[in-house]
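Heads up: the sequence shown at position 179 corresponds to 180 in this note's numbering, and the numbers run straight through without jumps.
Glycine included, every Cβ here is placed at the ideal spot set by N, Cα and C.
Owing to the predicted nature of the structure, the values given are computational and were not obtained by experimental measurement.
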Amino acid sequence: MPLLPERTNALSFDCYGTLIDWESGIATALQPWLTRTGLNLDREDLLKRFGAVETIVQSETPGLRYPLVLAETMRRLTRDAGSPATDLETTTFGNSVPDWPAFPDSAEALARLKSRYKLVILSNVYREGFAASNRKLGVEFDLIITAEDVGSYKPDDRNFQMLFDRLPSIGSDRSRLVHVAESLYHDHGPAQQFDLPSVWINRRLGKSGSGATHPPVGVRETEWVFPSLASFADAVLADEPR
2 MPLLPERTNA
12 LSFDCYGTLI
22 DWESGIATAL
32 QPWLTRTGLN
42 LDREDLLKRF
52 GAVETIVQSE
62 TPGLRYPLVL
72 AETMRRLTRD
82 AGSPATDLET
92 TTFGNSVPDW
102 PAFPDSAEAL
112 ARLKSRYKLV
122 ILSNVYREGF
132 AASNRKLGVE
142 FDLIITAEDV
152 GSYKPDDRNF
162 QMLFDRLPSI
172 GSDRSRLVHV
182 AESLYHDHGP
192 AQQFDLPSVW
202 INRRLGKSGS
212 GATHPPVGVR
222 ETEWVFPSLA
232 SFADAVLADE
242 PR
């Protein structure tokens, strides 16, 4: 019996947190400010502060391009911490997405999954930033939708609605789609509202809290949970030789 519904012919992916290690990227990009100010904030505290502020910025300004969202998030985060960042620091942080690393298993797992499924990106960033990340992932996606294309940020329904609307262009539809993501708040909550099957790649397995992601409210744990994209690909493609 196949792991996913037999009709499945497309997988949509969140990118940052699922394919790209955004928590490491964020922490690294904020480090120069921490070093300059001498603040003693550990990584988990820093990520929690980021997640709380970023969600507010995105909800207040849904049409703002992601580099400006990041810059404003850092501006508020550092002000709240008592050591405001400089304009150069916020701008540099805003432009840091292309430097964020891919998870070590992402490229190989995506290449394997592409042998069976259409691959789709539904990401909360901007086109140019994703293009830089895609070079690290090394796979050609069949459809790419960013927040810049939609004019809003997940978990807004509009992002998923555009995904559904564009699936016919790649020979699929929402009844043949499974969503794959790390964030319960940004992705699995909306997927559950749309009755869209989803797979949780729990990159934070063993860690407390929700890291750089806003804590989920009223989101059920998904039927399928994997600690990595590689383990998901192994399970889905178990009938194929490595």
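Taking a C-beta distance under 8 Å as the contact criterion, Leu164 and Ser13 qualify as a contact pair. Note on the stretch 121-158: whole alpha helix (DSSP H) runs with a minimum of 4 residues are 128-138, 148-151, in chain order. The residue among Ser199, Thr38, Pro105 with its C-alpha nearest the C-alpha of Phe161 is Ser199. Here the alpha carbon of Glu90 sits roughly 23 Å from the alpha carbon of Gly18. Assigned with DSSP and collapsed to three states, Trp23 falls in helix.
CA-to-CA, the gap between Asn96 and Pro68 works out to about 6 Å. By the beta-carbon neighbour count (other beta carbons within 10 angstroms, threshold 16), Asp15 is buried.
DSSP places Leu89 in the uninterrupted alpha helix (DSSP H) bounded by 88-95. Each of Thr62, Trp201, Asn135 was checked against the Cα of Val151, and the nearest Cα belongs to Thr62. Where Phe227 is concerned, the enclosing beta strand (DSSP E) starts and stops at 225-227. Measuring C-alpha to C-alpha distances from Asp166 to each of Ile27, Lys49, Leu123 identifies Leu123 as the nearest. Burial check for Ile57: the Cβ neighbour count within 10 Å stays below 16, so the residue is exposed.
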